[in-house]
Amino acid sequence: QSALTQPPSASGSPGQSVTISCTGTSSDVGGSIHISWYQQHPGKAPKLLIYQVNKRPSGVPDRFSGSRSDNTASLTVSGLQAEDEANYFCSSYVDDNLKLFGGGTKLTVL
Amino acid sequence: EVQVVVSGGDLVKPGGSLRLSCAASGFTFSNGWMTWVRQAPGKGLEWLGRIKPNADGGTIDYAPPVKGRFTISREDSKNMVFLDMTGLKTEDTAIYYCNIGVWCGNLLCDYWGQGTLVTVSS
Numbered sequence: 260q261s262a263l264t265q266p267p268s269a270s271g272s273p274g275q276s277v278t279i280s281c282t283g284t285s286s287d288v289g290g291s292i293h294i295s296w297y298q299q300h301p302g303k304a305p306k307l308l309i310y311q312v313n314k315r316p317s318g319v320p321d322r323f324s325g326s327r328s329d330n331t332a333s334l335t336v337s338g339l340q341a342e343d344e345a346n347y348f349c350s351s352y353v354d355d356n357l358k359l360f361g362g363g364t365k366l367t368v369l
Numbered sequence: 008e009v010q011v012v013v014s015g016g017d018l019v020k021p022g023g024s025l026r027l028s029c030a031a032s033g034f035t036f037s038n039g040w041m042t043w044v045r046q047a048p049g050k051g052l053e054w055l056g057r058i059k060p061n062a063d064g065g066t067i068d069y070a071p072p073v074k075g076r077f078t079i080s081r082e083d084s085k086n087m088v089f090l091d092m093t094g095l096k097t098e099d100t101a102i103y104y105c106n107i108g109v110w111c112g113n114l115l116c117d118y119w120g121q122g123t124l125v126t127v128s129s
């Protein structure tokens, strides 16, 4: 099973919106409700931003939103802030017993 | 306050074995879905496997690269989950994270340990 495909980098200026894509197949992204997004700052553990495609855990700002269309999931960060500069990873389950991660996207706030 | 502490990382020779431990507190441990994730230096995240709560069958699933070499177990009475690794290879060198998911009402609470470094080298 291959990793999910993410762009290696993305960027935006403070206050702008940025969308990061995550492409898989009908067996994973296109067929699973269990799509998640994680934020990871250098040297830190990942932090869950989005689960079940578009739900936010308590404490995650509503500037972060998730969606899916066919075999591609997307994370949108609105109102970019300096602290949003980090690596972002998507993930999806396959048949509920195997979880795949994307390769990661480095988000730069210009 | 929730705490998740991972320990056991070390330098080990190829072919060797190692046990990682993850101790957690501050929530109902027995309800937690326990996952191990690793990250090779400068690389992305890799899911290794997951053990469900006993109330959900306690099923354990593994990623193909580690199936048959790694074993996940849990001891709810001690609030701990373990990752036993055998037949270690140089490509297993990574930071290993313990990740716990538990339902907090209708929302998912997701907790991560700080990670522990495993280096496989002769």
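First to last, the protein sequences are chains R and P.
Converting from the first sequence to my numbering requires adding 259 to each position, the first position being numbered 1.
Converting from the second sequence to my numbering requires adding 7 to each position, the first position being numbered 1.
C-beta: ideal position from N, C-alpha, C; glycine also.
Please read these numbers as outputs of a predicted model, since none were measured by experiment.
Any 3 or more C-beta pairs closer than 8 Å across the stretch 88-100 of chain P and the stretch 341-361 of chain R: no
Closer than 7 Å at the beta carbon, the chain R residues around residue 82/P: What you label residue 82/P is simply residue 75 of the second sequence in a count that begins at 1. Correct list: empty, because the minimum Cβ distance to chain R is about 22 Å.
Local conformation of residue 342/R per DSSP, three classes: Translated into positions along the first sequence, residue 342/R becomes position 83. Helix, per DSSP.
Whether residue 351/R touches residue 283/R by CB criterion (9 Å): The sequence position of residue 351/R within the first sequence is 92, counting from 1. The sequence position of residue 283/R within the first sequence is 24, counting from 1. Contact flag set, yes.
Whole-angstrom distance between residue 55/P and residue 298/R, CA atom to CA atom: In the first sequence, counting from the first residue as 1, residue 298/R sits at position 39. In the second sequence, counting from the first residue as 1, residue 55/P sits at position 48. Going from the Cα of residue 298/R to the Cα of residue 55/P covers about 19 Å.
Chain R residues whose Cβ lies nearer than 7 Å to that of residue 70/P: Looking up residue 70/P in the second sequence gives position 63. Neighbours of residue 70/P on chain R, chain order: 357.
Identity of the residue in 274/R, 358/R and 277/R nearest residue 71/P by Cα: Here residue 71/P refers to the residue found at position 64 of the second sequence. Considering only alpha carbons, the answer is 358/R.
Below-9 Å beta-carbon distance, residue 53/P vs any chain R residue: Your numbering for residue 53/P matches position 46 in the second sequence. Yes, residue 53/P counts as interfacial toward chain R.
Exposed unless 16 or more other CB atoms sit within 10 angstroms - verdict on residue 128/P: Here residue 128/P refers to the residue found at position 121 when the second sequence is read from its first residue. So residue 128/P counts as exposed.
Contact list for the stretch 112-124 of chain P against chain R, Cβ threshold 8 Å: 114, 115, 116, 117, 119, 120, 121 and 122
Interface residues of chain P facing residue 332/R [CB-CB closer than 8 Å]: Sequence index remark: in the first sequence, residue 332/R carries index 73 (1-based). Under the 8 Å cutoff, chain P gives no residues; its nearest Cβ is about 16 Å from residue 332/R.
Neighbour-count burial assignment, residue 63/P, 16 or more Cβ in a 10 Å radius: Against the second sequence, residue 63/P aligns to sequence position 56. Exposed, by the Cβ-count rule.
Test: residue 350/R CB closer than 9 Å to a CB of chain P: Mapped onto the first sequence, residue 350/R falls at position 91. Closer than 9 Å to some Cβ of chain P, the Cβ of residue 350/R qualifies, so yes.
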